[in-house]
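Position one of the sequence shown corresponds to residue 24 (my numbering), numbered consecutively onward. Single-structure report; data block below.
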Amino acid sequence: LGVPTTRALAAVTTGEEVFRERALPGAVLTRVASSHIRVGTFQFFAARQDIDALRQLADHVIDRHYSIARESERPYLALLEAVIDAQASLVAAWKLIGFIHGVMNTDNSSISGETIDYGPCAFMDTYHPGTVFSSIDQQGRYAYANQAPIAHWNLAGLAQTLIPIIDADNKKSLELAQQTIDTFPSKFERAYNEGASKKLGLETSETDDVLLMTDLLDTMADQHADFTLVFRRLSGLDVEPGPEDDTVRELFDDPAAFDAWARRWRARLKRQGGDPSLRRERMASVNPAYIPRNHRVEEVIRAAEDHGDLAPFYQLHEVLRNPYHEQPEHIAFQTPPRPEEVVRATFCGT
Numbered sequence: 024l025g026v027p028t029t030r031a032l033a034a035v036t037t038g039e040e041v042f043r044e045r046a047l048p049g050a051v052l053t054r055v056a057s058s059h060i061r062v063g064t065f066q067f068f069a070a071r072q073d074i075d076a077l078r079q080l081a082d083h084v085i086d087r088h089y090s091i092a093r094e095s096e097r098p099y100l101a102l103l104e105a106v107i108d109a110q111a112s113l114v115a116a117w118k119l120i121g122f123i124h125g126v127m128n129t130d131n132s133s134i135s136g137e138t139i140d141y142g143p144c145a146f147m148d149t150y151h152p153g154t155v156f157s158s159i160d161q162q163g164r165y166a167y168a169n170q171a172p173i174a175h176w177n178l179a180g181l182a183q184t185l186i187p188i189i190d191a192d193n194k195k196s197l198e199l200a201q202q203t204i205d206t207f208p209s210k211f212e213r214a215y216n217e218g219a220s221k222k223l224g225l226e227t228s229e230t231d232d233v234l235l236m237t238d239l240l241d242t243m244a245d246q247h248a249d250f251t252l253v254f255r256r257l258s259g260l261d262v263e264p265g266p267e268d269d270t271v272r273e274l275f276d277d278p279a280a281f282d283a284w285a286r287r288w289r290a291r292l293k294r295q296g297g298d299p300s301l302r303r304e305r306m307a308s309v310n311p312a313y314i315p316r317n318h319r320v321e322e323v324i325r326a327a328e329d330h331g332d333l334a335p336f337y338q339l340h341e342v343l344r345n346p347y348h349e350q351p352e353h354i355a356f357q358t359p360p361r362p363e364e365v366v367r368a369t370f371c372g373t
């Protein structure tokens with residue numbers, strides 16, 4: 024899907040049981056990442072008031088990940104800015120594919136801007152901004168629409184830890200840190216809006232482009248439309264209405280609701296001009312046909328745990344290797360869950 028993330032290198036079973044929401048088979052997962060340092064790592068040393076260790080940690084992160092910060096008059100402030108940039112881009116990428124991390128505490132917020140520690144994660148089927156899957160998120164703190172504000176909160180925690188080393192004057196440090204952390208919302212919005220324009224096939228910029236995306240999402244929420252399928256099928260539509268429209272219209276409770284929005288979208292595309300086939304190709308490259316739908320993941324887990332059968336896992340893995348390419352032989356993997364297949368909660372072991 025093109026989103027920065029840690030990768031699983033190996034999983035080794037221990038032969039023991041681990042008790043989470045129920046008894047589960049124990050295993051050790053070996054992960055690969057450019058860094059395993061988190062906001063919580065900085066908070067650990069800050070809580071101990073170990074400024075020397077905090078500075079050493081910050082220097083290591085700069086040298087390993089953000090060497091350009093070393094050229095700044097205030098390298099630790101430049102480090103904060105770089106992490107803000109990375110997190111803004113990351114969370115925007117999550118939202119653009121309907122991903123919900125599920126447990127966004129500071130210890131699960133990577134300094135390198137990679138998705139990390141997302142055990143109870145999930146991808147939305149039916150779109151709703153308040154969607155929550157994680158069984159431990161009873162209050163919806165980490166709901167789909169809350170992910171950017173939570174990332175902002177986490178980064179404020181990072182900024183707080185860096186205050187003792189940003190500037191010799193503590194008051195000046197606080198002012199600089201506050202000014203820098205206040206840039207996150209606009210950076211996130213810019214990254215998200217740029218991605219949203221690509222999902223809609225917009226290659227030029229107009230004032231109402233943000234509203235066009237917002238109104239589509241509001242309509243999808245009202246009409247219980249599938250997030251991934253709407254954007255994927257939208258990628259195949261022409262600038263003029265045609266038979267293919269029905270592939271999108273059928274996703275809405277009231278197809279007329281989509282028709283009203285589609286008229287505005289098509290008018291926007293006409294003002295833009297350009298090669299329609301190239302536009303469709305570009306849309307298909309950012310709107311996945313396949314995601315790890317929760318009911319498919321659950322099928323894989325059940326087959327492996329209950330029957331020792333890894334064949335469903337390997338099949339799903341193969342499909343997901345090319346999420347932006349149509350795979351006619353695997354069309355069933357695009358299908359949303361039937362009512363009895365809907366997964367309503369995910370867990371740390373998911």
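Note that CB positions come from ideal geometry on N, CA and C, so glycine has one too.
Assuming residue i and residue j make a contact with CB atoms under 8 Å, what is their CB distance in whole Å?
| i | j | result |
| --- | --- | --- |
| Ile186 | Met147 | 37 Å between Cβ atoms; not a contact. |
| Gly163 | Ala145 | About 13 Å; that fails the 8 Å criterion. |
| Gln170 | Val106 | Actually they do not touch by this definition, with Cβ atoms about 16 Å apart. |
| Ala244 | His151 | 5 Å |
| Gly136 | Ala109 | 3 Å |
| Leu292 | Val271 | The Cβ separation is near 15 Å, so there is no contact. |
| Ala174 | Gly153 | Ala174 to Gly153, Cβ: 17 Å. No contact. |
| Leu239 | Trp284 | 6 Å |
| Ala280 | Gln246 | 5 Å |
According to DSSP, is residue i part of a helix, a strand, or is it coil?
| i | result |
| --- | --- |
| Ala168 | helix |
| Thr138 | strand |
| Thr203 | helix |
| Asp249 | strand |
| Thr369 | strand |
| Thr270 | helix |
| Pro362 | helix |
| Leu106 | In the sequence on display, residue 106 carries Val and not Leu. Here Val106 sits in helix by DSSP. |
| Phe356 | helix |
| Val323 | helix |
| Leu260 | coil |
| Glu229 | coil |
| Pro98 | helix |
| Gly331 | coil |
| Leu197 | helix |
| Ala116 | helix |
| Pro187 | helix |
| Phe275 | coil |
| Asn177 | helix |
Give the range of the alpha helix (DSSP H) segment to which residue i is assigned.
| i | result |
| --- | --- |
| Thr216 | Residue identity differs from the one stated: residue 216 is Asn in this sequence, not Thr. Looking at the DSSP string, the run of the alpha helix (DSSP H) that includes Asn216 is 207-222. |
| Arg316 | Looking at the DSSP string, Arg316 is not in any alpha helix (DSSP H), and its letter there is neither H nor E. |
| Thr237 | 232-246 |
| Phe156 | That residue, Phe156, is in no alpha helix (DSSP H); it is neither H nor E in DSSP. |
| Gln350 | Here Gln350 belongs to no alpha helix (DSSP H), and DSSP marks it neither H nor E. |
| Gln338 | 334-343 |
| Glu292 | Note that residue 292 is Leu in the sequence shown here, rather than Glu. Counting along the chain, the alpha helix (DSSP H) containing Leu292 begins and ends at 278-295. |
| Pro299 | 299-307 |
Identify every residue that forms a DSSP beta bridge with residue i.
| i | result |
| --- | --- |
| Phe146 | Phe122 |
| Ser133 | Arg61 |
Which whole runs of the alpha helix (DSSP H) in the segment 29-96 are 4 residues long or more, in chain order?
62-70, 74-87
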